[in-house]
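The structure appears below as structure tokens.
Chains as they are written, first to last, in my numbering: chain A, -3 to 446; chain B, -3 to 446.
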């Protein structure tokens, strides 16, 4: 039995059945859609994806044809782990039933946080977590919205800023922290992200706290902040997510300090027969060895696979994460992996960083753009800790994955410097910016000639 | 004293001076230019780089201002390693002198191979190794050339095929082997490269051997092959390069089985005080531990740095290569690192490969293109051996560097599969094609659950 049918849940279902073709796999999904790429939602609104339907990797009919039971609008609301039964509410009928299980996966994901001021019936106020949210935003845009306020300058807010701007709306991003992308990048790199948005006509108001909404009739008309009123006929609330841990807690599973469900590397909660995977679940950071809650698509899919294999009698382990993430807004790509300097400092690590600017392609090549890299390592050991990249050829920041690969194996700065990266002028400089950064960082931390 | 002033030579000069600011560093360059990016030559002809001058990283005046002596059109023609003197011919005056040295770097690079049939005075017949070659090709194009034959289907030939086609010439590539890109990729991937060229209107004739040239007056008019005559008013000979080892041999240095100069990891030839670096020099392949001669820009620069540090009293070592290379022709990017299946077989390794096709971005994202990956590993150990990628978004094949980073550390397929790659729809699929390939290859070689 699988509670939750998006990334982790459906990955687990597929894997469980591959591991044991005789397994009786049933997925309960409280929403109307399964197996969709939530990360693609902004791109449907922006037109880079034709329709919400394109985000759906597999339909319930396809899953059923493969032998996986799918119950849409069925929510698992309770667990009796001793009796091995779950309580399932059918949102069609409102009826509630008890179902036995042998193994249970809790893949309940996260919910968008709605502060008190956002708990409103006013039209035009949205979050963006699932397909119905996206459809509601599309309806507001199509209904003639002209002024959008996005509350929250994280990556979803910034992706949406581009989307809505390109759809012709004026866009204001309101962020209570001192900068946008504050949880992802160090300060200098946050500034580059903000500059890209501002140069494209998006207004950014940092250090600004939302206090309420104004409305006329049943429509939102503005956002009241501690720095005044901002008129708006559309408000997107993108202030973060919280893991849906109620079901896990009901099952007796431990909730970690991160606020997400604690599991071992097999995605076991410690409650016999109960697994947890996906955005609602903690993972281990391979660089710090600490528990973290970094809900992202690949992590969720990977956890789901591991859980599915193990639930069906196999033996798989989740390798942990190194904190890789990436996003695009307008032409700009921003990526990070490992730790930022700020994060390393907060953990008490003896970390050093270098900042390097170069070009993403050979400097003389027509499409070359500046690329900015911060590389961070531990003094003394020379161990790589992390990297941050920003470039206006957005795809060029994907080279962050080279650092991710080295972090995975606890590589050193010297390993990065010595890596035989591919080179031709349309792809990079002869000394790729990562190599330049590694060279400088080696000298900075004094481990060059070890 | 440094013989050769392009990639390795100038890297060595800069590094030597940084290592020891008191060092007396003199570079002899037989040509007219130093410190230029030879890999950019096709892109000047194609217009992606404005002028040949843009390829020059540093002029002689700039180098002299930094305290590095530069003697253009001065060729080192002899060495007396016991007396520590070199013979230098000044091509301006034709005069020859002897100069003493303390440390000598031989960075004489490679020469384009000219088969007997290409040793001609006919106008319109070119190789492309240096800036004067590029200027001569430009003159032929500007002079009204209409039909180009490129002899040789390696990456330089294929880069030039795009260039000349875009300049309005009809282009025929003649390759004596069974396919283009034959030394770089396995067969299926060679075919994809050929298809890209053919679909853009370049004619490819494989299995065709050139027997001679035809001319009228002092201009070339055609290429005689074993499959008939091909009319041409321009012929580019791109059949490969050979290392310039004469000077090293004269110094008493050993020439390796690869045909290039043998050195240790400090770039020392074994002859006291004599170093060798760059395209004329062997390196060690980190995957096979064998000596190889893979002349490429990054390798040359890296070797030069190592030599420069050591010549000036420091201690640096060359880490070896993993055989990474990459090129673009038309929209297509092709990349490889490590070994192809063909190469692994030839070495007697127990290798397995999987082929995976996916999309470079999320499948539903507007700019997504098919991407084809072959991943190769050793059965039994699960050690990664290599990867090949082809995609019509050329930059998407740069992710080959993730595999290069893992090869550097002798990583396993499972390490690649477990790597926390960055994901957002404009950059990759949630399961990047490299992860999909690693997953399939793990199963193929039966090391999945180790």
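Note that beta-carbon positions come from the ideal geometry of N, C-alpha and C, so glycine has one too.
1. Under 9 Å, CB to CB, which of the residues in the region 322 to 347 of chain B have a partner in chain A?
2. Given a threshold of 16 other Cβ atoms within 10 Å of its Cβ, counted over all protein chains shown, does residue 142/B qualify as buried or as exposed?
3. Should residue 445/B go down as buried or exposed, given a rule of 16 or more other Cβ atoms within 10 Å for buried?
4. Is residue 283/B helix, strand or coil by DSSP?
5. Locate the alpha helix (DSSP H) running through residue 353/B, then write down its first and last residues.
6. Closer than 9 Å, Cβ to any Cβ of chain A: which residues of the region 286 to 299 of chain B, in chain order?
7. What in chain B is Cβ-close to residue 93/A, meaning under 8 Å?
8. Kindly indicate the opening and closing residues of the alpha helix (DSSP H) around residue 404/A.
9. Would you call the region 171 to 186 of chain A and the region 324 to 339 of chain A in contact, with 3 or more CB pairs under 8 Å?
10. Whose Cβ in chain B lies nearer than 7 Å to the Cβ of residue 415/A?
11. For residue 36/B and residue 22/B, which I take to be in contact (beta-carbon distance under 8 Å), what is that distance rounded to the nearest angstrom?
12. Please go through the same chain and pick out, in chain order, the residues whose beta-carbon is closer than 6 Å to the beta-carbon of residue 304/B, but skip the five residues on each side of it.
13. Given 8 Å as the limit, is there contact between the region 308 to 319 of chain A and the region 137 to 155 of chain A, that is, 3 or more CB pairs closer than that?
14. Answer yes or no: does any C-beta atom of chain A fall closer than 9 Å to that of residue 282/B?
15. What residues from chain A crowd round residue 51/B, counting only those whose CB sits closer than 8 Å?
16. Please return the same chain residues whose Cβ sits closer than 8 Å to the Cβ of residue 287/A, not counting the five positions on each side in sequence.
17. Rank 341/A, 191/A, 82/A, 86/A by C-alpha distance to the C-alpha of residue 28/A and give the top, closest one.
18. Once DSSP output is grouped into helix, strand and coil, what is the label at residue 71/A?
19. Within 9 Å (strictly less), CB to CB, does residue 412/A reach chain B?
20. So residue 36/A contacts chain B; which residues on that side make the cut at Cβ distance below 8 Å?
21. State the Cα-Cα distance for the pair residue 158/B and residue 318/B, rounded to the nearest angstrom.
22. For the pair the region 266 to 276 of chain B and the region 47 to 67 of chain B, tell me if three or more CB-CB distances fall below 8 Å.
23. Closest Cβ-Cβ distance between residue 431/A and chain D: below 9 Å?
24. Which residues in the same chain have their Cβ closer than 6 Å to the Cβ of residue 443/B, if we skip the five residues on either side of it in sequence?
25. What's the gap between the Cα of residue 61/A and the Cα of residue 332/B?
26. With 16 as the cutoff for other CB atoms within 10 Å, does residue 447/A come out buried or exposed?
27. Which ranges does the alpha helix (DSSP H) cover as unbroken runs of at least 4 residues, wholly within the region 288 to 355 of chain B, from first to last along the chain?
28. Look up residue 22/A in the DSSP assignment and say whether it is helix, strand or coil.
29. What alpha helix (DSSP H) runs, 4 residues minimum, are completely inside the region 8 to 64 of chain B?
30. Consult DSSP for residue 368/A and reduce its assignment to one of helix, strand or coil.
31. Under 9 Å between the Cβ atoms of residue 393/A and residue 329/A?
32. Taking only beta-carbon positions, decide if residue 6/B is within less than 9 Å of chain A.
33. Output the boundary residues of the beta strand (DSSP E) element that contains residue 154/A.
34. Quick one: is residue 88/A buried, meaning 16 or more other Cβ sit within 10 Å of its Cβ, or exposed?
35. Does residue 443/B get closer than 9 Å to chain A when you measure Cβ to Cβ?
36. If you follow the alpha helix (DSSP H) that residue 187/B is part of, which residue opens it and which one closes it?
Quick look at the numbers:
1. 322, 323, 324, 329, 331, 332, 333
2. exposed
3. Low local confidence applies: a pLDDT of 42 at residue 445/B is under 50, so the model's placement there is unreliable, with the coordinate-based value given in what follows. Exposed.
4. coil
5. No alpha helix (DSSP H) holds residue 353/B; the beta strand (DSSP E) holding it covers 347 to 355.
6. 292, 293, 294, 295, 296, 297, 298
7. In chain order: nothing, as chain B lies at least about 33 Å away.
8. 396 to 404
9. yes
10. 400, 401, 404
11. Not quite, the Cβ-Cβ distance comes to about 26 Å (not below 8 Å), so this is no contact.
12. 8, 11, 12
13. no
14. yes
15. 360
16. 252, 253, 254, 258, 278, 279, 280, 281
17. 86/A
18. strand
19. yes
20. 358, 360, 361, 421
21. 28 Å
22. no
23. Chain labels in this structure do not include chain D; the protein chains are A and B.
24. Per-residue confidence for residue 443/B stands at a pLDDT of 48, beneath the threshold of 50, marking its modelled position as unreliable; the derived number appears in the next sentence. Excluding sequence neighbours, residue 443/B sits near 378.
25. 39 Å
26. Past the edges of chain A, shown from -3 to 446, lies residue 447/A, and the structure says nothing about it.
27. 293 to 307, 337 to 342
28. strand
29. 37 to 42, 56 to 61
30. strand
31. yes
32. no
33. Taken as a continuous stretch (DSSP letters only), residue 154/A belongs to no beta strand (DSSP E), being part of the alpha helix (DSSP H) at 151 to 162.
34. exposed
35. Residue placement at residue 443/B is poorly supported in this model, since its pLDDT is 48, which falls under 50; the coordinates are not used for a value here.
36. 183 to 195
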